[in-house]
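Input: a single structure, listed below in structure tokens.
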Amino acid sequence: MRTRTRLLLLLGPAVALVGGLVLGALGLALLRSLRLLPLAEPGLSAYASVLASPGVLASLALSFWIATVSTLVAAALALAAAMLLRQAFPGRRLVAVLVQLNLTIPHVVGAIGILYLISQSGSFARLAHAAGLIAAPGEFPALTHDPRAIGIILTYVWKEVPFITLILLARLQTLGPDLEAAARSLGATRWQAFRFVLLPQLLPALTAGAALVFAFAFGAYEVPLVLGAHAPEALPLRAWRSFTDVDLAARPEAFAISILIAALGAGLLAICARLILPRRGRDAG
């Protein structure tokens, strides 16, 4: 109890500050979406308008596509990077620095970098044209502002791989090599030791990191704003356009979309928490 009390005292101020800001913002957004602040014909008309607006289902599907693909790819690459960095090899420190280098780079800066690199007027297109691979830079494959959101996915993968990698490395440090060594001594191959011994131990940390990445990619608007197509556009981008519309009557719809995005993200995190916490209880037992 003493340790638990100490943890609560240490984490309490930070949790109260962050939770107060987040819950306060969500509360105000909810009131604005219901037209309760300022009071003007309260009701669910903003939600009905959002759900009935053309293209909203396509925007929702695109947001799920972006978040799902970028999360799966980032999680797979992060798992490979963590397994590599736990080994001792020449140049390991340099590789670790390179993996973590972009943690401090904002997403919008990364999106602009991706735009300059892989757009049809970017560096790769010009290099391909100079090398004679294509007749003109415009023949380069459309990897930005495309309906498949390839540029957006690449940006999220590039940015989130280090985040999940650090989570997995922290978990690997707590596990140590004993479990794998015991499995190998009992005749398991390297793959079997990873598949049946190490991976189940890493799965809660991998799931938690992937859930956070999914929630962020599903709710962020700045990267789709820089790299996204005009139609369909990601759901957070619809909220941003409604919020910045000169017609102030569109503001409740922007808040309604934001509440829907927050609810979907919170639901995902709650599901992941229910999947992870019982497993930790079984492991502790």
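Numbering (numbering that gives the first Met the number 0), first residue to last: 0 to 284.
Ideal placement from N, C-alpha and C gives every residue a C-beta, glycine not left out.
Going by the CB atoms, is the gap between residue 107 and residue 222 shorter than 9 Å? yes
Checklist line | residue 99 vs residue 164 beta-carbon contact at 9 Å | finding: Contact: yes.
Close Cβ partners of residue 78 (< 7 Å) along its chain, the five nearest in sequence each way excluded: 167, 205
* Beta carbon of residue 150, beta carbon of residue 174: below 9 Å? -> no
In chain order, what are the residue ranges of uninterrupted alpha helix (DSSP H) at least 4 long that sit wholly in the segment 78-133? 91-99, 106-117, 122-129
Just to confirm the assignment, what range does the alpha helix (DSSP H) spanning residue 207 have? Note, residue 207: alpha helix (DSSP H), 198-218.
Hey, out of 144, 145, 6, 120, whose CA is closest to residue 133's CA?
120
Residue 116 beta carbon less than 9 Å from that of residue 234
Contact flag unset, no.
Distance check for residue 180 and residue 264, CA to CA, integer angstroms please.
39 Å
- Below 9 Å between beta carbons: does that hold for residue 69 and residue 187? no
Q) What are the start and end residues of the alpha helix (DSSP H) that includes residue 156? A) 149-174
Item to complete: Could you tell me the distance, in whole angstroms, from the CA atom of residue 2 to the CA atom of residue 10?
Response: Linking residue 2 to residue 10 through their CA atoms gives a straight-line distance of about 12 Å.
Grab the span of the alpha helix (DSSP H) containing residue 232 for me, first residue to last.
Looking at the DSSP string, residue 232 is not in any alpha helix (DSSP H), and its letter there is neither H nor E.
Beta-carbon gap between residue 255 and residue 45 smaller than 9 Å | yes
Query raised in the report: What is the rounded straight-line gap between the Cα of residue 169 and the Cα of residue 65?
Result: It is roughly 27 Å from the alpha-carbon of residue 169 to the alpha-carbon of residue 65.
Which residues bound the alpha helix (DSSP H) around residue 43?
Looking at the DSSP string, residue 43 is not in any alpha helix (DSSP H), and its letter there is neither H nor E.
Closest to residue 141 by C-alpha separation, out of 112, 122, 123, 118, would be which residue? The candidate whose alpha carbon is nearest that of residue 141 is 118.
Note to self: What does the Cβ neighbour count give for residue 266, buried or exposed, with the cut at 16 atoms within 10 Å?
What the structure shows: exposed
| task | Check each candidate in 148, 146, 15, 122 and name the one with the smallest Cα separation from residue 137. | result | 122
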